[in-house]
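Right, one structure below, let's go through it.
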Amino acid sequence: MTGWARNTAEPLTDAERRLDELLAQGRTAESAAYQAEPASVPDAEQQIRGEYLAARLVESLEDGSRVFTRRGAQPLVIVVEHATITGQLDLRNVDLPYLLEFVGCRFDNAPDLRQARLAGLVLWHCRFPGMHARNLAVGNDVVLRNCASVGGIVDLADADLGGSLLLNDSELRNPGQRCVYADRLSVSGALLGIRLRTAGEIRIPGAKIGGNLTLSGAALRNRGGNAINATGIRIGGSLRLDADPATGRFFTSAGTLRLPSAHISGDLRLRDAVLEPGVRPPDPGNSHYDDPTAALIADRCEIRGEVQLDQEFRSGGTLRLVSAVVGGNLRMTGAVVDVSWLRSPAESVLHPLRAVNLDGTRVSGNIDARSVDVRGQWRMTDVKVGGSVQLTRAQLTGPRTDVLVGSRLSVGSNLECRDAELVGSLQLPGAQIGASIDLRGSRLTKPAWHPHRNNYKPSLDLRAARIERDLVCAEGDRVFSAEGTVQLRWSQIGRHVNFSGCELGDGASRTAFNASGVQTQELTLLPRTPPRGRITLRQAQCELLADNSAVWESRSGVDCEDFAYQNFSESFELDDQERVRQRLGWLRATAGGAYQPGTYDQLAEVFRSNGLEEHAVAVLIEKQRHRYAAIARTARPGLRWPVRLWSWLQRATVGYGYRPMRAVGWLAAFAVVGTAWFVFHPLVPVNEQDRPVWNPLLYTLDQMLPVVSLGHDDMWQARGLSQWVTVALVAAGWTLATTVAAGFSRALHRER
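Residue numbers for the sequence shown follow the numbering used here, so the first one is 337 and each next one is one higher.
Pasting the structure below:
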């Protein structure tokens, strides 16, 4: 050491002399009792030249000084306290078999540790303008606690740390640039940055962390850029970006957390975190499929534990987990995600901004988003959830846009969205639900606008969905309401479709409820008020139907052609003629003058299958009355009154053939009238020589009965008015007798 001083023109400083004495004696200083702040003003007596320190350490390896002898199996600890390191501390490619500890020191230049191999490295309360430590190899921990790096980069690219990397309570500032550059960093233990403060980008793509990566309570700032770039990182434990349990300080970030293709063996925790994407607006040249203002990007990420974005979690940018794999639950209870500040409401209608983007993600557990507040679009296209999706008391706000897009969503259990406020359209076409969808007490307002079709989209779109149990859009703690169309076309619901106590439509859309082709066991359609739009049940099928007058009083009528149901939830009795008349009145009112025979046939079939033949006959008579009315409306003006007259005669005489006993009564009445006429107006025989015996009754019957002859029709001559009476009897007989025969034939056919 003395030789080194002789070869230099500069004398040793007091700090260098004290350090030299300690090292010469083989002594080390204890740093545990150190509590002072790092030196802020250079003091000549506290200065140690970096060149001196580096040369002293390196040359002592060559001269065999006892300071570097090992004590047992533990490496010797060299402590430098309260010093200002001037010049350049250059330890490139040096193999030092001991731990370097700097306490309360200030470095004028960034230490150079490239390709160095150390037993350990500790910096407490130090200040330095970055650090060059590319390819650094350390056998134990690297500790930078309560340190400040200002105006430089902490470069740990390709470094290999045998222990943990601790950055607790440190401040790393390099605004607009990278403050940490650690591509392909390898840490056998944990990477801890509790209460870390940064201004610039933390870049650690391809890093391998054996334990947890914990930044609890940290504050990261890199507005308009990446707060963390951890593309392809591998973490053996959890990634913790949550609150610090010791101080309660939240994790905050102003910039993007970029984690695409990351592999996390534990949890991704952002509980109580506050994320800001930056202040720059989206670039107009970006694709509409991009999320230019994302606060979290975790595309293709594999997380074996849970993703926790809940409690007091807040984000002002998009949460993007596209094609990710989550082994546990995705928790978003009480979270707030707001991207509404990025565009005006009018611009958002044409180009909705995504607040949450989970397209193609697989979640083995549940998605728990109760009481979540999302202002922007939530995308869940092709998402597979092994458990349930909880959106109870959620507030999803995207007026005139698709506020939740879940095309082909697959849920193993329930999708619960009770008492929710959905401002926009809920799009779930092709969804596969293992149990039930429960929207009890939710309100769906301001449905999306379709710019190409120039009309509104449905408020709830479940086209071609498959729900194994129930669809519940009923009254709960409050009324379920949907301003736009409830679209259920060609969906399959295993058990029950329940729309009791609901309010449907606002008049802006022509259709309020579209259940064309729906298949279910029970359909309950009991709205509180008449829907303000058309009800479509065309080709739907159910076993039990429950409805009320409000359904049939809907503003644009009910289309129930080919609607098949087997029974009513509230059964009919033989003395329920008033209910039958009421239902026939509903069918008349909803047809709008159009002839829809299928609705009458279906109702008659239901009555007949329950043994209520009289109710079925009443329905079929009403069907024929409606049929003749439709014929009269479409006939030529000169033929309308004959059609109406014939309809009246059919209804009054034989009930359109469904009441043949009326024809028997009319036959008897015509026989009595004819007999009475001919009693007072006897006819003249055709051949008086035959001396026939006049019988008014037999003559009347012979005229009225078709085909059958009693021998009296050819024996008498009808003249004058009697001739027309005879013609009337013949016409009445043919008409009534054939009607009776047809009626009995129909009755026998029904019995068979």
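We put the CB at the ideal spot given by N, CA and C, even for glycine.
(message) Rounded to whole angstroms, what is the Cα-Cα separation between ALA682 and ARG736?
(response) For ALA682 and ARG736, the distance between alpha carbons rounds to 9 Å.
(request) Buried or exposed for ARG533, please, with buried defined as at least 16 other CB atoms from any protein chain shown within 10 angstroms of its CB. (result) Taking every protein chain shown into account, the CB of ARG533 has 16 or more other CB atoms within 10 angstroms, so this residue is buried.
(message) With H, G and I counted as helix, E and B as strand and the rest as coil, what does DSSP make of LEU824?
(response) Looking at LEU824 - three-state DSSP - the assignment turns out to be coil, as it is neither helix nor strand.
(request) Report yes or no: do three or more beta-carbon pairs, one from the segment 483-490 and one from the segment 501-512, lie closer than 8 Å? (result) In short, these stretches touch, since the Cβ pair count reaches three.
(request) Have a look at SER778 and ILE530 and give me their C-alpha separation to the nearest angstrom. (result) Each residue's CA atom was taken as its position, placing SER778 and ILE530 some 42 Å apart.
(message) Going by C-alpha to C-alpha distance, which of TYR994, PRO1021 and ASP603 sits closest to VAL662?
(response) Looking from the CA of VAL662, the closest CA among TYR994, PRO1021 and ASP603 belongs to ASP603.
(request) Work out the CA separation of ARG825 and GLU906 for me, nearest whole Å. (result) Their backbone Cα atoms lie some 26 Å apart in a straight line.
(message) Just to confirm, is the Cβ distance from LEU873 to GLU858 under 7 Å?
(response) LEU873 is not a Cβ neighbour of GLU858, given a cutoff of 7 Å.
(request) Tell me whether LEU910 is buried or exposed, calling it buried when 16 or more other Cβ atoms sit within 10 Å of its Cβ. (result) Counting other Cβ atoms within 10 Å of its Cβ, LEU910 stays below 16 and is therefore classed as exposed.
(request) Taking only heavy atoms of the ligand PLP into account, decide whether any of them is closer than 6 Å to the Cβ of THR588. (result) Because no ligand of any kind appears in the structure shown, any question about the ligand PLP cannot be addressed here.
(message) Can you tell me whether GLN938 is helix, strand or coil according to DSSP?
(response) It is helical.
(message) For the alpha helix (DSSP H) containing ILE957, name the first residue and the last one.
(response) Its alpha helix (DSSP H) spans residues 949-970.
(message) Just to confirm my understanding: we take VAL1066, look at its own chain, exclude 5 residues before and 5 after, and list those with CB closer than 8 Å. What are they?
(response) Excluding the 5 residues flanking it on each side, VAL1066 has same chain C-beta neighbours closer than 8 Å at GLN1039 and MET1040, in chain order.
(message) Is it the case that the segment 814-834 contacts the segment 856-871, given that we only count it when at least three CB pairs across the two stretches are under 8 Å?
(response) The answer is yes - the segment 814-834 touches the segment 856-871, with three or more Cβ pairs under 8 Å.
(message) Assuming the contact rule is C-beta atoms closer than 8 Å, VAL516 and ILE545 should be a hit. Round their C-beta distance to whole Å, please.
(response) Wrong, their Cβ atoms sit about 14 Å apart, outside the cutoff.
(message) Please report the distance separating the alpha-carbon of LEU611 from that of ASP895.
(response) Within the model, the alpha-carbon separation for LEU611 versus ASP895 is close to 50 Å.
(message) Quick test of your reading: THR1036 and THR1011, contact by CB under 8 Å. State the CB separation rounded to the nearest angstrom.
(response) Taking the Cβ atoms as the reference, THR1036 lies roughly 5 Å from THR1011, within the contact range of under 8 Å.
(request) Work out the CA separation of ARG605 and PHE849 for me, nearest whole Å. (result) ARG605 has its alpha-carbon roughly 42 Å from the corresponding atom of PHE849.
(request) Output the distance between the C-alpha atoms of LEU694 and ALA563, rounded to the nearest integer angstrom. (result) One C-alpha to the other measures close to 21 Å.
(request) Rank ARG594, GLY561 and GLY568 by C-alpha distance to the C-alpha of LEU577 and give the top, closest one. (result) For the residues ARG594, GLY561 and GLY568, the minimum Cα distance to LEU577 belongs to ARG594.
(request) Compute the distance between the beta-carbons of ASP627 and GLY652, then report whether it is under 7 Å. (result) No Cβ-Cβ contact shorter than 7 Å links ASP627 with GLY652.
(message) Looking at the secondary structure, which residues open and close the beta strand (DSSP E) in which ARG481 lies?
(response) Following the DSSP letters along the chain, one finds ARG481 inside the beta strand (DSSP E) bounded by residues 478-481.
(message) Can you tell me whether HIS687 is buried or exposed? The criterion is at least 16 other CB atoms within 10 Å of its CB, across all chains shown.
(response) Exposed, because fewer than 16 other Cβ atoms sit within 10 Å of the Cβ of HIS687.
(request) On a CA-only basis, which of VAL854, ARG891, ALA876 and ARG805 is nearest GLU839? Give me that one, please. (result) Considering only VAL854, ARG891, ALA876 and ARG805, the residue with the shortest C-alpha distance to GLU839 is ARG891.
(request) Say whether chain D places a C-beta atom closer than 7 Å to the C-beta of ALA452. (result) In summary, chain D is missing from the structure at hand, where a single protein chain is found.
(message) Less than 7 Å between C-beta atoms, sequence neighbours within five positions excluded: which residues of the same chain meet that for PRO863?
(response) Closer than 7 Å at the Cβ level, and outside the excluded window around PRO863, lie PHE835, CYS838, GLU839, LEU840, ALA886 and VAL887.
(message) Using the Cβ count rule (16 or more neighbours within 10 Å means buried), how would you classify HIS468?
(response) Taking a 10 Å sphere around the C-beta of HIS468, we find 16 or more other C-beta atoms and assign the residue as buried.
(request) Quick one: grab the DSSP three-state call for SER1058. (result) In the displayed model, SER1058 falls within a helix according to three-state DSSP.
(request) With a 10 Å radius around its C-beta and 16 neighbouring C-beta atoms as the bar for buried, classify SER983 as buried or exposed. (result) Residue burial is scored here from C-beta neighbours: SER983 has at least 16 other C-beta atoms within 10 angstroms and is therefore classed as buried.
(message) Is it buried or exposed, VAL1020, if we count other Cβ atoms within 10 angstroms and call 16 or more buried?
(response) It counts as exposed.
(message) With distance defined between alpha-carbon atoms, name the residue in TYR901, TRP977 and ARG789 nearest to ARG944.
(response) Nearest to ARG944 by alpha-carbon distance, out of TYR901, TRP977 and ARG789, is TYR901.
(message) With H, G and I counted as helix, E and B as strand and the rest as coil, what does DSSP make of LEU981?
(response) If DSSP states are grouped into helix, strand and coil, LEU981 belongs with the helices.
(request) With TYR901 as the anchor, note down where its beta strand (DSSP E) starts and where it stops. (result) Start and end: 900-904.
(message) Using 7 Å as the threshold, is the C-beta distance between GLY386 and ILE414 below it?
(response) Not in contact: GLY386 and ILE414 (Cβ atoms no closer than 7 Å).
(message) Only counting the same chain, and skipping five residues up and downstream in sequence, which positions put a Cβ closer than 7 Å to that of GLY770?
(response) Around GLY770, the same chain offers VAL747, GLY748, SER749 and GLU804 as residues with beta carbons nearer than 7 Å, after the five sequence neighbours per side are excluded.
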